[in-house]
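Structure first, then comments.
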Amino acid sequence: MTEMMAKWDVKVLGGLGGALLALAAVFLWRDLHVPAEALLILAACVTLALAFLSVPRGGLLVFPIAVLATSATGGLWYAATKHPLLLVGLALTLITSVVMLPRSQPKSDTTLERVRDVLVWFGFTAATIAATWAFYFHFLTLGVAEDHIARRLVLTLGWLVIGVVMVFLGRKRGTPVIRDAGFCFVAISVGKTLLYDTANLDGTLRVAGLAAAGLLMLGTAWLSARSTPANVRSA
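Residue numbers (my numbering): 8 to 242.
Written out as structure tokens, the structure reads:
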């Protein structure tokens with residue numbers, strides 16, 4: 008009887024508290040004229056706070072999906088409006104995605120846990136790409152490096168470095184999902200190199216960008232081969 012009453016109390020108090028907070032958010036937006044872009048900050052803060060909580064087994068996918076959704080929404084929203092307030096929400100989303108990485112286990116036993124691991128690492132990928140592109144555009148393209156075309160290599164090489172490190176780390180730890188997420192960074196970086204950088208850079212910068220990207224991937228391939236057992240390499 009006492010246990011049943013305790014569960015009922017938790018449901019009632021928790022439900023009423025959540026409803027009052029939601030009502031406060033509505034009036035905060037309406038009465039205080041908070042800009043719509045603050046909603047992304049609110050969503051990121053809620054996801055970050057809940058990321059520290061233990062969740063029931065059935066709720067394993069909720070927070071990784073929230074990170075993916077917030078990253079995609081924030082990235083597309085910033086691409087459409089270029090509003091500086093969205094940078095705060097994107098930064099918080101990236102922090103949330105990093106906080107959630109320890110939830111991913113090297114040896115997940117169930118299908119649900121494996122799906123969670125995929126969502127966690129690809130949520131980190133989406134959050135990183137969205138946040139770094141938005142900050143790059145705001146502070147470099149529209150800011151201090153507006154007249155320097157060399158800035159176009161920052162994202163290309165930055166994403167490539169993150170990608171090859173994740174590929175190497177995933178293979179070293181025997182965690183395919185980290186390797187797969189790393190190849191997403193590599194694919195996006197190579198695609199940007201071939202479709203954008205080669206068309207918008209010229210001379211020394213174009214050669215340097217292509218050479219740096221090529222050498223980085225060759226170096227990673229060499230390290231990967233060195234870390235692979237000889238019997239696997241010869242198979």
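All C-beta atoms in this analysis are idealised placements derived from N, C-alpha and C, irrespective of residue type, glycine included.
Is the Cβ-Cβ distance between residue i and residue j less than 8 Å?
i	j	result
GLY192	ILE169	Looking at the sequence shown, residue 192 is not Gly but Phe. Closer than 8 Å, so yes.
ALA56	THR77	no
TYR85	ALA141	yes
SER104	VAL74	yes
LEU223	GLY216	no
LEU94	PRO42	no
ALA45	ALA98	no
ALA220	THR200	yes
GLY129	ALA87	Here the sequence assigns Phe to residue 129, which means Gly is not the residue at that position. Not closer than 8 Å, so no.
Under a Cβ-count criterion, where at least 16 other Cβ atoms within 10 Å of its own Cβ denotes burial, should residue i be classed as buried or exposed?
i	result
PHE179	The residue asked about is misnamed: residue 179 is Lys in this sequence, not Phe. When all chains shown are included, LYS179 counts as exposed.
ILE72	exposed
ARG233	exposed
GLY81	buried
ARG123	buried
THR100	buried
LYS18	exposed
THR205	exposed
ARG186	buried
THR118	exposed
VAL33	exposed
VAL127	buried
Excluding five sequence neighbours on each side, which residues of the same chain lie with their C-beta closer than 7 Å to the C-beta of residue i?
i	result
ALA58	PHE70, THR103, VAL106 and MET107
ALA79	ALA133
ILE195	ILE136 and TRP166
THR227	VAL171, VAL174 and PHE175
SER231	PHE175 and ARG178
HIS90	GLU44
Please work out which residues of its chain come closer than 6 Å, Cβ to Cβ, to residue i, disregarding the five sequence neighbours upstream and downstream, and give them in chain order.
i	result
VAL125	VAL184
GLY96	LEU47, ILE48, ALA51 and GLY81
ALA31	none
ASP38	none
Near residue i, what residues of its chain come up, given a Cβ to Cβ distance below 8 Å and the 5 sequence neighbours on each side ignored?
i	result
ILE156	ASN207, LEU208 and LEU212
VAL161	TYR143 and LEU147
ARG158	TYR143, LEU147, THR148 and ALA152
THR163	SER196, LYS199, THR200, ASP204, GLY216 and ALA220
GLY177	PRO183, VAL184, ILE185, ARG186, ASP187, ALA188 and GLY189
HIS145	LYS89, PRO91 and LEU94
TRP229	none
Any beta carbon from chain D within less than 8 Å of residue i's own beta carbon?
i	result
ASP209	The structure shown contains no chain D, having only a single protein chain.
Minimum length 4: unbroken alpha helix (DSSP H) runs contained in the region 103–185: 118–143 and 159–180
Only counting runs of 4 or more residues, tell me where the alpha helix (DSSP H) segments fall wholly within the region 21–66, in order along the chain. 45–58
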